[in-house]
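Report on the structure given below.
There are 2 protein chains.
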Amino acid sequence: MLRSLRDKKHREEVGLYAVEGEKVVSELIAAGHPFEQIYGTPGWGGSCTHPIAEEDMARVSHFPTPSSVLAVGRIRRETLSAGELERGLTLALDGVQDPGNVGTMLRIADWFGFDRVLLSPGCADLHSQKVIQASMGSFARMRTVVADLPGTLAGLRAPVVGCTLEGEDVRDLPALPDAVIVIGSEGRGISGEVRRLLTRAVTIPKVGAAESLNAAVAAAIVCDNLRRALR
Amino acid sequence: MLRSLRDKKHREEVGLYAVEGEKVVSELIAAGHPFEQIYGTPGWGGSCTHPIAEEDMARVSHFPTPSSVLAVGRIRRETLSAGELERGLTLALDGVQDPGNVGTMLRIADWFGFDRVLLSPGCADLHSQKVIQASMGSFARMRTVVADLPGTLAGLRAPVVGCTLEGEDVRDLPALPDAVIVIGSEGRGISGEVRRLLTRAVTIPKVGAAESLNAAVAAAIVCDNLRRALR
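Heads up: the protein sequence lines correspond to chains A and B, in order.
The first sequence begins at 8 in this note's numbering and counts up one residue at a time.
The second sequence begins at 8 in this note's numbering and counts up one residue at a time.
Okay, here's the thing in structure tokens:
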């Protein structure tokens, strides 16, 4: 059962996810994350609900070299409350498929004090090991909601700002206390349906020759510029 | 022989490196990168010096599913010319071990029009598949030099700006047309020896709760702020 939690479909059927590794599990416990079960071998120094032998950990682990801990949490599907997106700052990810980028963007939203991260259903699964690990503990702190972006953003009164290759200079972003910042996928950018709902498009000015920036890097620069405008 | 080029020690002995995959090899060829040999299977649509059979590619490839192309290049160890660091913008990486981060920072330096990237010998090897791949072609365009940082930065007349957790606000960075921006490793930050040589330390203001930012993300924000100051 534990081993099958690496499979998204199975995770959704049982409503549970698993994450393993001393560093990531410690970070989440330190951030107050409520795990249902913590399986630890004798080498695990932290709290533990199910002590297990190293041989058993080797059987359930997906790591070539198993760690001393594997934690199981319950998937909580958060939903948006009415008008929620019109208050505060939202980072919206439109089809970001790389789990490392999704995790890094949770960390960025957390650093810049965003209120929530909105993910389109096409994004990498929030409850995968790679997303949780790349978030460096921010998975436990950030409010995250998976929702259809066009339906959610249509008719919104707050500004919807997209990061594109042909917008206005991001350095001229005004102080927006309530806003949704949309980041598209690395390969295709923001989808056509979402692009039509943007009230503003911004671009990070390029001086050199690279064709694009990594999606998480672009998100961080937009968040930093918005925070600078708001200070 | 080709297969052993995945090993850094072997690469240095023979002075060659290998990179495989249609996307990355195409990007490098498009950027004008001079390869010595290009091994392509019948499925490879680009230029090719050594046509090989799919079975042979499967033998030399490190990919579980081999691609149609593997290119071999000669390692060129560039050295700094006298006074070079005192002119233009340098991104200096101090012990950045994650190859994805090193490649992403080549891409960032390329986007922001930096003149060169300086890497301490403790950084991930520039000629590894992961670094080259994460650079998205910038490996071919950016001038890179591997050098001992304390020895290279000592006595420099250009400002040496380090990204740390306890510096002045990065948004107050002045317009520095010549500067070295130092980024430390994710785990340990900038080493003590290099820290003593900084003429200025900057910090990205935190609003939320994350403990830190990814090294490449931090580098991008500092580069963006410097470019903003220079515009």
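All C-beta atoms in this analysis are idealised placements derived from N, C-alpha and C, irrespective of residue type, glycine included.
Query	Result
Rounded C-alpha distance that separates T72 (chain A) from L92 (chain A)	43 Å
Residues near G129 (chain A) by beta carbon distance below 6 Å, same chain, minus five either side	G102
Neighbouring residues, chain B, relative to V224 (chain A) (Cβ below 7 Å)	T111, I115, A223, V224, A227
Q140 (chain A) - DSSP class collapsed to helix/strand/coil	helix
Same chain only: Cβ atoms within 6 Å of L160 (chain A), ignoring 5 sequence neighbours per side	V167, L204
Per-residue DSSP class, three states only, for R207 (chain A)	strand
Best match in B:G95, B:M149, B:A25 for proximity to V76 (chain B) [C-alpha to C-alpha]	B:A25
Chain A contact for W118 (chain B) (CB, 7 Å cutoff)	yes
Spatially closest choice to F119 (chain A) from A:L172, A:G95, A:I45, by CA coordinates	A:G95
Enclosing alpha helix (DSSP H) for I115 (chain B) [first to last residue]	106-118
Neighbour flag for G215 (chain A) against chain B, beta carbons, 7 Å	yes
Cβ-based burial, T48 (chain B) [other Cβ within 10 Å; buried from 16]	buried
Interface flag, L183 (chain A) vs chain B, CB-CB below 7 Å	no
Proximal residues to G39 (chain A) (C-beta, below 7 Å), its chain only, five neighbours per side dropped	A147
First and last residue of the uninterrupted beta strand (DSSP E) at R123 (chain B)	123-126
Check whether V209 (chain B) and C170 (chain B) have beta carbons under 7 Å apart	yes
Chain-ordered residues of the stretch 125-151 of chain A with a beta carbon less than 9 Å from chain B	A141, S142, M143, G144, S145, R148, M149
Extent of the continuous beta strand (DSSP E) run through V67 (chain A)	It is not in any beta strand (DSSP E) - V67 (chain A) instead sits in the alpha helix (DSSP H) that spans 61-67.
DSSP state of D179 (chain B) mapped onto helix, strand, coil	helix
Chain A residues whose Cβ lies nearer than 8 Å to that of L220 (chain B)	R114, I115, W118, A227
Any chain A beta carbon closer than 7 Å to R164 (chain B)	no
Which of helix, strand or coil DSSP assigns to V214 (chain B)	coil
R66 (chain B) versus S142 (chain A): straight-line alpha-carbon distance, rounded	37 Å
Listed by chain order, chain B residues near R13 (chain A) by CB distance under 8 Å	Chain B residues near R13 (chain A): none, gap ~17 Å exceeds 8 Å.
Same chain, Cβ closer than 8 Å to A37 (chain A), five either side skipped, listed in chain order	G144
H69 (chain A), buried or exposed, once every other Cβ within 10 Å from all chains shown has been counted against 16	exposed
Straight-line gap, P184 (chain B) to D63 (chain A) (C-alpha atoms, nearest Å)	59 Å
Where R195 (chain B) meets chain A, residues with beta-carbon distance less than 8 Å	Within 8 Å Cβ-Cβ: nothing; R195 (chain B) doesn't reach chain A, min ~15 Å.
Minimum Cβ-Cβ distance from R178 (chain B) to chain A less than 7 Å	yes
Span separating the alpha-carbon of E29 (chain B) from that of A99 (chain A)	31 Å
Assigned exposure category for A89 (chain B) - 16 Cβ within 10 Å defines buried	exposed
Check whether R123 (chain A) and R81 (chain A) have beta carbons under 7 Å apart	no
Nearest-angstrom Cβ-Cβ length linking L233 (chain B) and L180 (chain B), presumed shorter than 8 Å	6 Å
6 Å CB neighbourhood of S74 (chain B) in its chain, flanking five on each side removed	E27, G28, E29
Same chain only: Cβ atoms within 7 Å of I115 (chain B), ignoring 5 sequence neighbours per side	A223, A226, A227, C230
For V26 (chain A): DSSP bridge partner residues	A:A78
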